[in-house]
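Colleague:
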Amino acid sequence: MDTLEQFDAEFFRRWLGAAAAAVHREADRLTELDSAIGDADHGANLKRGFAAVTEVLDKEPPATPGAVLVLAGRQLISTVGGASGPLYGTLLRRTGKALGEAGTVTRQDLAAALATGVAAVGQLGGAQVGDKTMLDALVPAAEALGTSFAAARDAAEAGALATVPLRARKGRASYLGERSVGHQDPGATSSALLIAALAEVAAA
Ligand code: ADP
Ligand code: MG
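Residue numbering for the sequence shown follows numbering that gives the first Met the number 0, starting at 0 and increasing by one per position.
#1: Would you identify the three-state DSSP class for D130, choosing helix, strand or coil?
#2: Verify the contact flag: L68, CB atom, against every heavy atom of the ligand ADP, threshold strictly below 6 Å.
#3: If you drop the 5 nearest sequence neighbours on each side, which residues of the same chain put their C-beta closer than 7 Å to that of G170?
#4: Are the CB atoms of R168 and D130 within a distance shorter than 7 Å?
#5: Hey, how far is the Cα of A198 from the Cα of G65?
#6: Going by the C-beta, is G37 closer than 6 Å to any heavy atom of the ligand MG?
#7: Does the distance from the CB of L29 to the CB of P164 come in under 7 Å?
#8: By DSSP's criteria, V104 is part of a beta bridge. Which residues make up the other side?
#9: Write down the C-beta distance between L68 and H182 rounded to the nearest angstrom, noting that I regard them as a contact closer than 8 Å.
#10: Candidates V104, A51, F49: which alpha carbon is nearest F10's?
#11: Between L33 and the ligand MG, is the CB less than 6 Å from at least one heavy atom?
#12: When you compare the CB positions of S189 and L45, do they come within less than 7 Å of one another, or not?
#13: With 16 as the cutoff for other CB atoms within 10 Å, does L91 come out buried or exposed?
#14: Expressed to the nearest angstrom, what Euclidean distance is found between the alpha-carbon atoms of T63 and Q107?
#15: Determine the contact status of A191 and A155, defining contact as a CB-CB distance below 7 Å.
#16: Applying the criterion that 16 or more other CB atoms from any shown protein chain within 10 Å of the CB defines a buried residue, is L137 buried or exposed?
#17: Identify the continuous alpha helix (DSSP H) that holds V55 and give its terminal residues.
#18: Start and end of the alpha helix (DSSP H) containing V79?
#19: Taking C-alpha atoms, which residue in Q127, A201, T162 lies nearest to L144?
#20: Kindly indicate which residue of G99, F148, D38, V55 has the alpha-carbon position closest to the one of L75.
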């Protein structure tokens with residue numbers, strides 16, 4: 000079990016590197032999803048944001064897991080124009096702050112901190128589970144991370160898929176009303192990619 004395993008700043012840099020690679024690889028799909036119920040920029044937004052994140056983390060690698068996430072979050076906020084920039088930026092920044100200054104953290108520490116970060120996203124955007132947003136993937140993922148990295152990945156993927164029949168109540172997609180039904184939410188899809196990247200580096 001990884002219950003007592005300690006994860007350091009390097010692990011968190013590897014996570015964000017894997018997330019950037021996944022976003023790069025899937026950018027066209029994310030943009031396609033956003034063209035159905037948004038403005039077709041989600042892939043480009045996140046590609047630009049995560050490329051900037053890996054660049055700053057390579058240039059000035061922080062010493063603690065918390066500092067890695069805070070720096071990454073700040074970078075997303077300053078480089079991504081769409082709604083997802085401030086939301087993902089807040090997620091990483093607040094998760095990082097909740098991790099504090101420890102040099103290493105356990106999966107349980109991360110699960111608790113991620114729950115704090117996810118709650119901050121809910122506060123910032125005013126959305127709840129079921130509103131067809133990134134929270135539909137992030138909320139179950141943070142909870143399942145208490146069990147395992149793989150459970151978090153599976154919960155995020157299931158949450159993203161579960162957005163298909165939902166009607167959007169927040170963000171740009173909500174302007175479409177009933178016409179948002181039948182499409183997978185782009186932000187929930189990118190959230191599932193970020194959590195899958197975490198599970199991938201944890202298993203490596
Ligand atoms: P924009 O909508 O400004 O073009 P993006 O296309 O980058 O920004 O991101 C869209 C995604 O952001 C949506 O699919 C949704 O998951 C997420 N989102 C939008 N508004 C909110 C909100 N209020 N709360 C949580 N997530 C949101
Ligand atoms: Mg968009």
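Note that the Cβ used here is the ideal one computed from N, Cα and C, for glycine as well.
Modeller: Reading from the atomic positions:
#1: Reduced to three states, the DSSP call for D130 is coil.
#2: Incorrect: L68 has no Cβ contact closer than 6 Å to the ligand ADP.
#3: Cβ-Cβ distances below 7 Å link G170 to A82, T132 in the same chain, with the five nearest sequence neighbours on each side left out; the list follows chain order.
#4: Inclusion of D130 and R168 in the CB contact set at 7 Å is warranted, their separation being smaller than that value.
#5: Rounded to the nearest whole angstrom, the CA to CA distance from A198 to G65 is 18 Å.
#6: Here the distance from the Cβ of G37 to the nearest heavy atom of the ligand MG is below 6 Å.
#7: Contact annotation: L29 and P164 have beta-carbon atoms that are not nearer than 7 Å.
#8: Answer is F6, bridged to V104.
#9: Between H182 and L68 the Cβ distance is about 30 Å, and since that is not below 8 Å, they are no contact.
#10: Ranking V104, A51, F49 by Cα distance to F10 puts V104 first.
#11: Residue identity check: residue 33 is Asp in the sequence provided, not Leu. Yes, Cβ of D33 sits closer than 6 Å to a heavy atom of the ligand MG.
#12: Contact flag set, yes.
#13: Of the residues assessed, L91 falls on the buried side of the cut-off, its CB having 16 or more other CB atoms within 10 angstroms.
#14: Cα to Cα, the separation comes out at about 17 Å.
#15: Yes; because the gap between Cβ atoms is below 7 Å, this pair is in contact.
#16: By the 10 Å Cβ count, L137 comes out buried.
#17: Segment 41-58, the alpha helix (DSSP H) holding V55.
#18: Following the DSSP letters along the chain, one finds V79 in no alpha helix (DSSP H), marked with neither H nor E.
#19: It is A201.
#20: For the set G99, F148, D38, V55, the Cα lying nearest the Cα of L75 is the one of V55.
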